[in-house]
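Numbering-wise (our numbering), the sequence shown opens with residue 3 and increments by one.
Shown next, in structure tokens, is the structure this report addresses.
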Amino acid sequence: MTGRDRIVLIGVLVIALLGGAWVLVVSPKRSEANKLVAQVSEAKTQLASAQSQLATAQAAQAQYAKAYASIVSLGKAVPASQEVPSLIYQLSKATKQRNVEFTSISSTTAAATPAASATAAAGFSSMPFTFIFEGGFVDLERLFHQLSGFTLRQASGGLQVSGRLLTIQSVKLAPATGAESAGAGKPSSSQKLNGTITATAYVLPAGQSLTGGATPSSPAGATTPVASSTGASSSPTAPAIARVTP
């Protein structure tokens, strides 16, 4: 064997060794590296998706808190039960603000009106009342305006709630007992009058709660995610948003 043959043989052996090393060592490592790169890319995609879901859930949670507060506020206008004591308290508070005396309240049978028919169609239960107040004409006029404004619909379409929803069927004014003689020679606006209001309050239908089982922290039926046995936690899910439609 000549020296040239030996060199060629050694070269062939070296190439064979390098090829074997590539097949046995480098190629598997390169394939593994490619798989790791793909896994890292997928993990980044999942992380971005989870962060987006988290941002959506946080925004929804903030909206839910506002929506829940709106529903509770609407409960002042139309509660789930009759709550007559709270209605009397609201009327008493309003009369004190207007320097008017709240004389009496009684349950009556009111004739059907367009407003009452609309609320009945909405499923609300009606509670007809007769309220009697005593005071001056101006004070009574301001009081009646305040009572009809306990629940107002704003230009934006939302509701401004400061008390029970009342629809007023009739208003009657008459001199209070002894007011004609006591008010002689005085301006009519200062004479004592009896103001009788026939109005209707409303409550939710029987068996229907105000929030439907929702709480200030979560909507009805919401569950807390539980971590799996592998330690991985469920991805956050945006809570449902309670929307108030006037």
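Ideal placement from N, C-alpha and C gives every residue a C-beta, glycine not left out.
Could you give the distance in angstroms between the alpha-carbon of residue i and the alpha-carbon of residue j?
i, j, result
"Leu-325", "Thr-58", "Within the shown structure, residues of the chain are numbered from 3 to 248, placing residue 325 beyond reach of any answer."
"Ile-243", "Ser-106", "Bear in mind that a pLDDT of 34 at Ile-243, under 50, signals an unreliable position, so the number given afterwards is only what the model happens to contain. Going by the C-alpha atoms only, they are around 42 Å apart."
"Gln-92", "Glu-85", "11 Å"
"Phe-104", "Lys-95", "9 Å"
"Ala-40", "Lys-46", "10 Å"
"Thr-110", "Ser-172", "13 Å"
"Ala-82", "Ala-203", "12 Å"
"Ser-72", "Arg-100", "28 Å"
"Ser-164", "Leu-76", "9 Å"
"Thr-153", "Ala-50", "45 Å"
"Leu-161", "Arg-155", "5 Å"
"Phe-126", "Gly-159", "20 Å"
"Lys-194", "Pro-207", "40 Å"
"Gln-210", "Thr-179", "44 Å"
"Thr-198", "Phe-139", "12 Å"
"Ser-128", "Val-205", "7 Å"
"Ser-231", "Val-42", "No answer about Ser-231 holds up, because its pLDDT of 40 lies below 50 and its placement is not dependable."
Hey, does residue i have any beta-carbon neighbour from chain B nearer than 7 Å?
i, result
"Ser-72", "Going by chain labels, chain B is absent from the structure shown, which holds only one protein chain."
So for residue i, helix, strand or coil by DSSP?
i, result
"Gly-77", "helix"
"Asn-101", "coil"
"Leu-212", "coil"
"Thr-47", "helix"
"Gln-110", "The sequence given here has Thr at residue 110, not Gln. Correct three-state label for Thr-110: coil."
"Thr-217", "coil"
"Ala-201", "strand"
"Leu-38", "helix"
"Leu-195", "strand"
"Thr-58", "helix"
"Gly-165", "coil"
"Leu-206", "coil"
"Ser-83", "coil"
Which residues mark the beginning and the end of the beta strand (DSSP E) in which residue i is found?
i, result
"Ser-172", "169-177"
"Arg-155", "153-155"
"Phe-2", "Nothing about residue 2 can be reported from this structure: the residues present for the chain run from 3 to 248 only."
"Gly-159", "Taken as a continuous stretch (DSSP letters only), Gly-159 belongs to no beta strand (DSSP E), as it is neither H nor E."
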